[in-house]
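Engineer: I am attaching a structure below and will ask some questions about it afterwards.
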Amino acid sequence: MLAKPYAVVRTVTIEALPEQVHAMIADLGSWVLWSPWEGRDATLVRRFSHPTTGPGAWFEWEGNFQAGQGRVEILHVSDDSVSLDVQWRRPVVSEQQMEFRLARTGSGTQVTWTTHGEISGAIRVLAYFVPMSRIHGPTFSRGLARLKAVCERRP
Numbered sequence: 022m023l024a025k026p027y028a029v030v031r032t033v034t035i036e037a038l039p040e041q042v043h044a045m046i047a048d049l050g051s052w053v054l055w056s057p058w059e060g061r062d063a064t065l066v067r068r069f070s071h072p073t074t075g076p077g078a079w080f081e082w083e084g085n086f087q088a089g090q091g092r093v094e095i096l097h098v099s100d101d102s103v104s105l106d107v108q109w110r111r112p113v114v115s116e117q118q119m120e121f122r123l124a125r126t127g128s129g130t131q132v133t134w135t136t137h138g139e140i141s142g143a144i145r146v147l148a149y150f151v152p153m154s155r156i157h158g159p160t161f162s163r164g165l166a167r168l169k170a171v172c173e174r175r176p
């Protein structure tokens, strides 16, 4: 069977300057403060590139079944976006691209988190019964809520 493309999009407005929000997204070392995957495994092992910012920066993680194992790498950074490649090794093998787009809205910043990839392999069976928006959507919403809380607490 051919792989089937998918995209999932979630948006939040954060009462903080775009530069502040951008800094939290573009520095992979800051993800431990807001990532929706944090807190799933107290023994999670993380490895970071040095530096943790800019194209080519990466972090890898390995944890229990809920946390899984994988790698995130920054592909592109501009003033209003950050693009990443995400490779999952466990619980299933898959690859997806993520993009965060930022836009000033009055006194705040609108953040749109998009992921897209192809449904194939074991995920294809799951996606037959459960749309990708239901698989990824709640996770992204949780991450954006955490990002909002962290950014709005910072001066």
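If you count by our numbering, then the sequence shown holds residues 22 to 176, one letter each, in order.
All C-beta atoms, glycine included, are put in the ideal place defined by N, C-alpha and C.
Go ahead and pull the three-state DSSP assignment for F121.
Structural biologist: Strand, per DSSP.
Engineer: Considering Cα atoms alone, identify which of T34, E59 and F69 is closest to L49.
Structural biologist: Here the closest residue by C-alpha is F69.
Engineer: Along the chain, where does the alpha helix (DSSP H) that runs through Q41 open and close?
Structural biologist: Where Q41 is concerned, the enclosing alpha helix (DSSP H) stretches over P39 to A47.
Engineer: Measuring CB to CB, does V98 end up less than 8 angstroms from V33?
Structural biologist: Not a contact, by the Cβ cut-off of 8 angstroms.
Engineer: Sort out for me which residues DSSP pairs R31 with in a bridge.
Structural biologist: In the DSSP output, where bridge partners are listed per residue, R31 has W134.
Engineer: My guess is that G96 and S104 are in contact by the Cβ rule of under 8 angstroms, so how many angstroms apart are they, rounded?
Structural biologist: Checking the displayed sequence, the identity of residue 96 turns out to be Leu instead of Gly. That pair is a contact at about 5 angstroms.
Engineer: Give the straight-line distance between the Cα atoms of R92 and W79, rounded to the nearest whole angstrom.
Structural biologist: About 7 angstroms.
Engineer: Of the residues E36, A124, A28 and Y27, which one's Cα is nearest the Cα of R167?
Structural biologist: Minimum Cα distance to R167 is reached at E36.
Engineer: Within 10 angstroms of its Cβ, does G127 collect 16 or more other Cβ (buried), or is it exposed?
Structural biologist: Answer is exposed; the Cβ neighbour count stays below 16.
Engineer: Go ahead and label F86 buried or exposed: buried means 16 or more other beta carbons lie within 10 angstroms of its beta carbon, across all protein chains shown.
Structural biologist: When all chains shown are included, F86 counts as exposed.
Engineer: Can you tell me whether R31 is buried or exposed, with buried defined as 16 or more other CB within 10 angstroms of its CB?
Structural biologist: Flag for R31 reads buried.
Engineer: Taking the C-alpha atoms as reference points, what is the distance between R122 and T130?
Structural biologist: In a straight line, the C-alpha of R122 is about 10 angstroms away from that of T130.
Engineer: Taking the alpha-carbon positions, what's the R110 to W82 distance?
Structural biologist: Rounded to whole angstroms, R110 to W82 spans 10 angstroms at the Cα level.
Engineer: Taking the beta carbon of P179 as the centre, do at least 16 other beta carbons fall within 10 Å, making it buried, or is it exposed?
Structural biologist: No information on residue 179 is available, as it lies outside the stretch 22 to 176 that the chain covers here.
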